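So for the sequence shown, my numbering puts the first residue at 75; every next one is plus one. Where is the CB? At the ideal position from N, CA and C, for every residue including glycine. Keep in mind that this is a model prediction, so the values were computed, not measured. Working notes, structure below.
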Amino acid sequence: MSHPTRAWSTRPETSADVTAIHAINSAAFERPAEADLVDALRADTSAWIDGLSFVTEAEDGTLVGYALFTRCHVDGHPALALAPCSVLPEFQGTGAGSAAIRAGLESARALGENLVLVLGHADFYPRFGFTPASGFGVRAPFEVPDEAMMALSLDPSRATPRGTIRYPDAFGV
């Protein structure tokens with residue numbers, strides 16, 4: 075079932091959204107790992123950043139999409155990890171995930187964040203300005219195809235750290 079791309083409503087998550095967010099991640103990934111990851115990150119005060127967990131709402135208020143940005147580090151310097159981004163299967167391809175990502179990136183920029191990292195599909199994330207992290211001198215702490223580990227500088231006038239990414243413990247890497 076395809077939906078036309080539309081203007082989505084996005085907002086930071088509230089405590090009332092936790093169950094719906096878990097359901098979105100479980101459905102989108104067809105397994106509970108990502109949903110459990112979000113719950114673990116939410117409980118990690120060194121990783122969680124209030125205001126950088128975004129939901130996409132349908133016109134009736136149903137939550138259909140999600141994007142999370144948490145604190146990671148590159149060579150000891152703060153950066154953000156975008157993971158996971160998810161959309162209920164019946165709403166995939168409608169722009170719901172992109173809307174949550176864009177809202178999160180705007181909020182991260184407003185908070186003074188700069189380097190954002192994502193491990194994902196090389197045909198999806200470049201639309202937001204992501205390019206291979208290797209171009210920033212940043213690498214994952216595990217083997218990954220160069221085109222899949224991507225980075226984005228929210229303020230190109232600022233320097234970005236170089237080195238290996240250290241993810242929050244919840245990622246298990």
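1) At which residue ranges does the region 90-172 contain complete beta strand (DSSP E) runs of 3 or more residues, listed in the order of the chain?
2) Return the residue from the list R213, L142, A153, S100 that minimises the CA-CA distance to G186.
3) Here's the rule I'm using: 16 or more other beta-carbon atoms within 10 Å means buried, otherwise exposed. How should E104 be labelled?
4) Name the two residues that bound the continuous beta strand (DSSP E) containing V192.
5) Let me know the secondary structure DSSP gives M75 once reduced to three states.
6) How far does the beta strand (DSSP E) with L226 in it extend, from its first residue to its last?
7) Relative to the C-alpha of R240, which residue among V148, P163, A225 is closest?
8) Expressed to the nearest angstrom, what Euclidean distance is found between the alpha-carbon atoms of R85 and R183?
9) Which one or two residues does DSSP pair with R240 in a beta bridge?
10) Look up F198 in the DSSP assignment and say whether it is helix, strand or coil.
Considering the structure as presented:
1) 127-131, 137-148, 151-161
2) Along the sequence shown, read from residue 1 onward, the residue named residue 186 stands at position 112. G186 has its Cα closest to that of A153, out of R213, L142, A153, S100.
3) Along the sequence shown, read from residue 1 onward, the residue named residue 104 stands at position 30. Exposed, since its Cβ has fewer than 16 Cβ neighbours within 10 Å.
4) Within the sequence shown, residue 192 is the residue found at index 118, counting from 1. Start and end: 189-193.
5) By one-based count along the sequence shown, residue 75 stands at place 1. Unreliable placement is indicated for M75, whose pLDDT of 44 sits below 50; no coordinate value is reported for it.
6) Numbered from its first residue, the sequence shown carries residue 226 at position 152. Start and end: 223-227.
7) Locating residue 240 in the sequence shown gives position 166, where the first residue counts as 1. Closest option to R240, Cα to Cα, is V148.
8) Locating residue 85 in the sequence shown gives position 11, where the first residue counts as 1. Locating residue 183 in the sequence shown gives position 109, where the first residue counts as 1. So the two alpha carbons sit approximately 15 Å from each other.
9) Walking along the sequence shown from the start, residue 240 turns up at place 166. Paired residue(s): H147.
10) Numbered from its first residue, the sequence shown carries residue 198 at position 124. F198: coil per DSSP, three-state reduction.
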